[in-house]
Each structure stands twice: as structure tokens, then as C-alpha cells.
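Novice:
In UniProt numbering, the protein residues as written are 1 to 337.
1) Where does residue 2 fall in DSSP's three states?
2) By the three-class DSSP mapping on this structure, what secondary structure does residue 44 have?
3) Could you tell me which residues DSSP puts in a beta bridge with residue 49?
4) Taking the beta carbon of residue 133 as the centre, do at least 16 other beta carbons fall within 10 Å, making it buried, or is it exposed?
5) Between which residues of its own chain and residue 207 is the CB-CB distance below 7 Å, once the five residues before and five after are set aside?
6) Drop a sphere of 10 angstroms on the beta-carbon of residue 110, count the other beta-carbons inside from all chains shown, and report buried for 16 or more, exposed for fewer.
7) Suppose the cutoff is 7 Å on Cβ atoms and the five residues either side in sequence are ignored; what does the same chain contact list for residue 340 look like?
8) Measuring CB atoms only, is the segment 98-116 touching the segment 13-31, in the sense that at least three cross pairs come out at less than 8 Å?
9) Just reading off the alpha helix (DSSP H) that residue 195 is part of, what are its end residues?
10) Pull up the distance between the alpha-carbon of residue 162 and that of residue 115, whole angstroms please.
11) Should residue 152 go down as buried or exposed, given a rule of 16 or more other Cβ atoms within 10 Å for buried?
12) Which first and last residues belong to the beta strand (DSSP E) in which residue 140 is found?
13) Which one of 317, 22 and 250 has the shortest CA to CA distance from residue 359?
14) Which value, in whole angstroms, describes the spacing of the CA atoms of residue 147 and residue 301?
15) With burial defined as no fewer than 16 other Cβ atoms inside 10 Å of the residue's Cβ, what is the status of residue 307: buried or exposed?
16) DSSP three-state label for residue 110, please.
17) Leaving aside the five residues before and after residue 249 along the sequence, list all residues of the same chain whose C-beta is less than 7 Å from its C-beta, in chain order.
18) Is the distance from the Cβ of residue 68 to the Cβ of residue 39 below 8 Å?
19) Under 8 Å between the Cβ atoms of residue 178 and residue 187?
20) Measure the C-alpha to C-alpha separation of residue 216 and residue 171 and round it to an integer number of angstroms.
21) In chain order, what residues of the same chain have a beta carbon less than 8 Å from the beta carbon of residue 273, not counting five sequence neighbours either side?
22) Could you tell me which residues DSSP puts in a beta bridge with residue 176?
23) In whole angstroms, give me the CA-to-CA distance for residue 88 and residue 5.
24) Please confirm whether residue 58 and residue 100 have their CB atoms less than 8 Å apart.
25) Hey, how far is the Cα of residue 20 from the Cα of residue 136?
26) For residue 72, which beta-bridge partners are listed by DSSP?
27) Span of the alpha helix (DSSP H) holding residue 181?
28) Taking the straight line between their C-alpha atoms, what separation do you get for residue 325 and residue 318?
29) Can you tell me which of the three DSSP states residue 281 falls into?
30) Buried or exposed for residue 138, please, with buried defined as at least 16 other CB atoms from any protein chain shown within 10 angstroms of its CB.
31) DSSP three-state call for residue 267: helix, strand or coil?
32) Skipping 5 residues on each side, what residues in its chain have a beta carbon closer than 7 Å to that of residue 121?
33) Residues in the same chain with beta-carbon distance under 7 Å from residue 127, minus the five sequence neighbours each way, listed in chain order, please.
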């Protein structure tokens, strides 16, 4: 949230814009911050902001550009989490209809303009940038570094979202309207597009900070994923080494002293260095050999043990019936008394 506040403070501090761009920003802030209300047949202009700097900018712009006095009211509102947030409401009671006509939010026939006035959408690039700046100051959000990237503006209606999407296209950026929880939103998700939009709106310092923190977060995430991957590999390697050591120990018990020297040496290395990798075992051999060679010798040792054990079992199976037949024939061989 602190970074979002910094972005809005940087945008609200811009004071070198021409009157046409300042008017486009003021109109956009009114449209996306609230709009027009009809109270007892009187049009009231009202807009709400979460940034004090943004609210003060609009209050000054309404006075300097259009000659109307606007009041600012601070409102405290609880959030679902129990926290209390501050909101700043800018309102023009007297002269609201005149201001609406001046900003273009009412057309000449006094019909409400639901999106943005055509003179802004079709205006120069400075006006288009200012319209996006005003919309973001009114109801914009920016993702925290390290989380899924997004820049988003909540729109009062579908027409306003379409107008903002058209303005983004004129800036060379694709922004798609979407509906979320019964509200219309315009969203950017590509990090490069977000950085570019922040710069175009007039917040280059915040853009660099956001990009830097996002890159740091991605680097930390990648490092954590690699560390977890390495840990998993180490656990698998340790498990495989322990299983191999147990098989070698069993092979030694089966074969006894009847083991070729090269296979015995390889097996003994596995027993003596239970946590070592095959490559490390190869380096420990005398003379050193490759990991494929040490793996092959251990494999032949285990195969020899399996072959020997099967041969013994087969021999035992063949000898067992012969012994039983001899035992059954022995009483018949005794002389009768």
C-alpha cells in the first residue's frame, strides 16, 4: 500500500501540464471518483479518493480551472478486516451543473456522458495521458512487489471502462475491461506494460522502484525454488545411496570372499562413503575412475550376488527331493529279523 501511495503522490505533484491536459485529468478524476448526483433536482459533483494529495489536487483544479469552490470532507470507513481507512470526498454543491457542462460530463443537451468526453478521447496525447492519470488517482490499484503483477482501475460503468481501454490503445498499450464482483475494471498484467503506463502517466520514479522491487522478489522466488529443488535432489540422492549401501552389504554377505577385487573395491567404497555421489566415489577410487565405471562395477557386484543367490536356491530345491527319497528308502534296506 505504501508504494501505491507513493505513486499517487508523485502523480498529484505534476504541475507543468497545459490547461487542456489538466482539464482532462480533472474530468477523469470526477468521472472515476464518483461523478454526478441529482439531489432535489440539483446536480451535485462529488468524487471520493483514498489519497489526500489527489483530493487536494482536484479541489485546487476545480477552483483554478473552472472558478468553482469545492469542499473537502474526510471520512473514516471500516474495512472487512476491521481496519479503518481514510477517504477524502470532494463536493461541489453550488454550480454543480455548470461544472458538469464545463468538464464535458454533461453534453450540450444536458445528457449525462457515461464514459469520457469525446474531446478527451480524441484529444492530443497529453490529454490521453492525463485521463489515465486522473482515473488512476481516483480509483487505481497497483500490485505489491513479489506478487502477481497488475495495474488496475475500477470503473463506474462499462462505458467508462471502454473509454479507458480506448485511451490505452492510443498510448500503445493493450488494456482489457473485465467484470469482477459486479464492478467493471480495466487491468494491465504484463510487467513491461505496467512500467510503461506508470511512466506515461508521469510516475517514472515509482515505476523504477516498482520494477526494481518486482525483480528482487522474482530473484528471491527463483532462489527459493532452486533451493527447494536442490533439497529435493539431495534427499533423493541420499535415499538412493542408502538403498545402494544396503544392497552392497547384502551382496557381501551372499558372496563372502568370492568377489572379484575390482567389484569388491567398488562395493567397499559405497559402504565407506554412504552419502557420497557416484562421481565422488569415482574420485575416491584408486586409481580414480569415472562415475559410469563405479556405477557399472557396483551393478555387476549386485548382479553377481543375485545370480549366486538364485543358483544356491535352485541347488537347494534340487537336493531336497533326493534327500527325502533316500530317507524313505532306508527302512526297507534294513534286514528282517
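The beta carbon of each residue, even a glycine, is placed where N, CA and C say it ideally should be.
Here the structure is a predicted model, which means the values were calculated and not measured.
Specialist: In terms of the structure at hand:
1) helix
2) strand
3) 88
4) buried
5) 195, 198 and 199
6) exposed
7) Any question about residue 340 goes unanswered here, given that the chain covers just 1 to 337.
8) yes
9) 191-201
10) 8 Å
11) buried
12) 140-142
13) Residue 359 cannot be examined here, being either before or after the span of the chain that is shown, 1 to 337.
14) 53 Å
15) exposed
16) coil
17) 271
18) no
19) yes
20) In this predicted model, residue 216 has a pLDDT of only 49, less than 50, meaning its place in the structure is not dependable enough to derive any value.
21) 280, 281 and 284
22) 187
23) 14 Å
24) no
25) 18 Å
26) 90
27) Where residue 181 is concerned, there is no enclosing alpha helix (DSSP H), given that its DSSP letter is neither H nor E.
28) Residue confidence is low: residue 325 scores 48 on pLDDT, short of 50, so the model does not pin down where it sits. Its coordinate-derived value is still stated next. If you take the alpha carbons of residue 325 and residue 318, they lie about 12 Å apart.
29) helix
30) buried
31) helix
32) 163, 166 and 167
33) 20, 21, 24 and 120
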